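J.:
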Amino acid sequence: DSGVTQTPKHLITATGQRVTLRCSPRSGDLSVYWYQQSLDQGLQFLIQYYNGEERAKGNILERFSAQQFPDLHSELNLSSLELGDSALYFCASSLGSPNTGELFFGEGSRLTVL
Amino acid sequence: GESVGLHLPTLSVQEGDNSIINCAYSNSASDYFIWYKQESGKGPQFIIDIRSNMDKRQGQRVTVLLNKTVKHLSLQIAATQPGDSAVYFCAECDYKLSFGAGTTVTVRA
Numbered sequence: 578d579s580g581v582t583q584t585p586k587h588l589i590t591a592t593g594q595r596v597t598l599r600c601s602p603r604s605g606d607l608s609v610y611w612y613q614q615s616l617d618q619g620l621q622f623l624i625q626y627y628n629g630e631e632r633a634k635g636n637i638l639e640r641f642s643a644q645q646f647p648d649l650h651s652e653l654n655l656s657s658l659e660l661g662d663s664a665l666y667f668c669a670s671s672l673g674s675p676n677t678g679e680l681f682f683g684e685g686s687r688l689t690v691l
Numbered sequence: 012g013e014s015v016g017l018h019l020p021t022l023s024v025q026e027g028d029n030s031i032i033n034c035a036y037s038n039s040a041s042d043y044f045i046w047y048k049q050e051s052g053k054g055p056q057f058i059i060d061i062r063s064n065m066d067k068r069q070g071q072r073v074t075v076l077l078n079k080t081v082k083h084l085s086l087q088i089a090a091t092q093p094g095d096s097a098v099y100f101c102a103e104c105d106y107k108l109s110f111g112a113g114t115t116v117t118v119r120a
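Here it is as structure tokens:
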């Protein structure tokens, strides 16, 4: 158990809909990261937050947004969903910057868009 | 754009043999490298890391080698076990952690 909690574990929805994925980081970790893993793809970095502020941005679509709340949990919002958004979405957390130590990953939220 | 990649998408290894998984990276600004293991249905799990001021680091049954001259990273697993079957990702870090596509390791009994 990494200590990172993601909900929901599975989600099935239709094209055009909007979903919210939630992540609770490990106790004490200030950084939260979101990654997308599509079938046969590696992990694509979406966005990072540190102590409530956006720290780094990757290949995140404009239809996607995220935030980190004062209690350090994070939410990833996916809107106007398309079939191609079907993927595993991972949240990870770390104490500080990604180059200062290990990222701990949750078990992912599997999104299926029909 | 810059990317992290792996040389082979799959690797089949006899139980008890040593495994070598290779990775090429292209971002010269990366100063921290990590290997992750992802088992089916789970999130990636940290195996070992190395900083750019080192060329070798050893852990328990694993060794990471870094060759900055040719931008090459490798993971060696000694005495491979069935539990080592997984997808292995190398990752590089400048200000963000970027992952390669992964190598699927299958251990034959």
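For the protein sequence lines, the chains are Z and X, in the order given.
If you're matching positions, the first sequence starts at 578 in the numbering used here and goes up one per residue.
If you're matching positions, the second sequence starts at 12 in the numbering used here and goes up one per residue.
For each residue, glycine too, the CB sits at the ideal point set by N, CA and C.
Here the structure is a predicted model, which means the values were calculated and not measured.
Using the Cβ count rule (16 or more neighbours within 10 Å means buried), how would you classify Pro55/X?
T.: Taking the second sequence and counting its residues from 1, the one referred to as residue 55/X is at position 44. Flag for Pro55/X reads buried.
J.: Taking the beta carbon of Gly673/Z as the centre, do at least 16 other beta carbons fall within 10 Å, making it buried, or is it exposed?
T.: Working through the first sequence from its first residue, we reach residue 673/Z at position 96. Flag for Gly673/Z reads exposed.
J.: Could you list which residues in chain X have their beta carbon closer than 8 angstroms to that of Ser579/Z, in chain order?
T.: Taking the first sequence and counting its residues from 1, one reaches residue 579/Z at position 2. Chain X residues near Ser579/Z: Gly54, Gln56.
J.: Taking the beta strand (DSSP E) that Leu86/X belongs to, which residues open and close that run?
T.: By 1-based counting over the second sequence, the position of residue 86/X is 75. Run containing Leu86/X: 83-88, per the beta strand (DSSP E) assignment.
J.: So the beta strand (DSSP E) Gln56/X belongs to, where does it begin and stop?
T.: Residue 56/X sits at position 45 when you count from the first residue of the second sequence. Unbroken beta strand (DSSP E) run through Gln56/X: 56-62.
J.: Can you tell me where the beta strand (DSSP E) holding Tyr106/X begins and where it ends?
T.: In the second sequence, the residue the question calls residue 106/X occupies position 95. Element bounds for Tyr106/X: n/a, residue is neither H nor E.
J.: Taking a cut of 7 angstroms between CB atoms, which residues from the region 102-113 of chain X lie near chain Z?
T.: Cys104, Tyr106, Lys107, Leu108, Ser109, Phe110, Gly111, Ala112, Gly113
J.: Just verifying my parser: in three-state terms, what is the DSSP assignment at Thr114/X?
T.: Counted from its first residue, the second sequence places residue 114/X at position 103. In this structure, Thr114/X counts as strand in the three-state DSSP scheme.
J.: Closest to Asp66/X by C-alpha separation, out of Ile45/X, Lys107/X, Leu77/X, Thr114/X, would be which residue?
T.: As a position in the second sequence, residue 66/X is number 55, starting the count at 1. Cα-wise, what sits closest to Asp66/X is Leu77/X.
J.: Note down, in chain order, each residue of its chain lying with its Cβ closer than 6 angstroms to the Cβ of His83/X, except the 5 sequence neighbours on either side.
T.: The residue given as residue 83/X occupies position 72 in the second sequence. Here the set comprises Ala35.
J.: Taking buried to mean at least 16 other C-beta atoms within 10 Å of its own C-beta, is Leu534/Z buried or exposed?
T.: With chain Z covering 578 to 691 only, the question about residue 534/Z has no answer from this structure.
J.: Could you check whether Trp46/X and Cys104/X sit closer than 8 angstroms to each other, using their CB atoms as the reference points?
T.: The residue labelled residue 104/X in the question sits at position 93 within the second sequence. The residue labelled residue 46/X in the question sits at position 35 within the second sequence. Result no, Cβ atoms of Cys104/X and Trp46/X do not sit closer than 8 angstroms.
J.: Quick one: is Leu660/Z buried, meaning 16 or more other Cβ sit within 10 Å of its Cβ, or exposed?
T.: By one-based count along the first sequence, residue 660/Z stands at place 83. When all chains shown are included, Leu660/Z counts as exposed.
J.: My parser needs the beta strand (DSSP E) runs of 3 or more residues fully inside the region 580-636 of chain Z; what are they?
T.: As for any beta strand (DSSP E) of minimum length 3 sitting wholly inside the region 580-636 of chain Z, the runs are 582-584, 587-590, 596-601, 608-614, 620-627, 630-634, ordered along the chain.
J.: Closest to Gln645/Z by C-alpha separation, out of Asn636/Z, Ser663/Z, Asp606/Z, would be which residue?
T.: Taking the first sequence and counting its residues from 1, the one referred to as residue 645/Z is at position 68. When only C-alpha atoms are compared, the closest one is Asp606/Z.
J.: Among the residues of its own chain, which have a CB less than 8 angstroms from the CB of Arg72/X, if the five just before and after it don't count?
T.: Position 61 of the second sequence, counting from 1, holds the residue named residue 72/X. Here the set comprises Ile88, Ala89, Ala90.
J.: CB Phe44/X to CB Ile31/X, shorter than 8 angstroms?
T.: Within the second sequence, numbered from 1, the residue matching residue 44/X stands at position 33. Within the second sequence, numbered from 1, the residue matching residue 31/X stands at position 20. Contact: no.
J.: Using the C-alpha atoms, what's the distance from Pro20/X back to Asn38/X?
T.: Working through the second sequence from its first residue, we reach residue 38/X at position 27. Working through the second sequence from its first residue, we reach residue 20/X at position 9. Between Asn38/X and Pro20/X, the C-alpha separation is close to 21 angstroms.
J.: I'd like to know whether the C-beta of Glu630/Z is nearer than 8 angstroms to at least one C-beta of chain X.
T.: Along the first sequence, one-based indexing puts residue 630/Z at 53. Judged by the 8 angstroms Cβ criterion, Glu630/Z is not in contact with chain X.
J.: Please check the pair Ser670/Z and Val609/Z, which I expect to be a contact at CB under 8 angstroms, by giving their CB distance rounded to whole angstroms.
T.: Locating residue 670/Z in the first sequence gives position 93, where the first residue counts as 1. Locating residue 609/Z in the first sequence gives position 32, where the first residue counts as 1. Contact flag correct, Cβ pair sits at about 5 angstroms.
J.: For Ala120/X, collect the residues of the same chain with a Cβ closer than 7 angstroms to its Cβ; drop the 5 residues on either side in sequence, then sort them by chain order.
T.: Position 109 of the second sequence, counted from the start, is the residue given in the question as residue 120/X. Taken in chain order, the residues that qualify are Glu26, Pro93.
J.: Within the 8 angstroms Cβ cut-off, does Tyr99/X reach chain Z?
T.: If you number the second sequence from 1, residue 99/X lands on position 88. Chain Z contact via Cβ: absent.
J.: Looking only at C-alpha atoms, which of Leu108/X, Lys107/X, Asp95/X sits nearest to Ser51/X?
T.: As a first step, residue 51/X is located in the second sequence; it is residue number 40 there, counting from the start. When only C-alpha atoms are compared, the closest one is Asp95/X.
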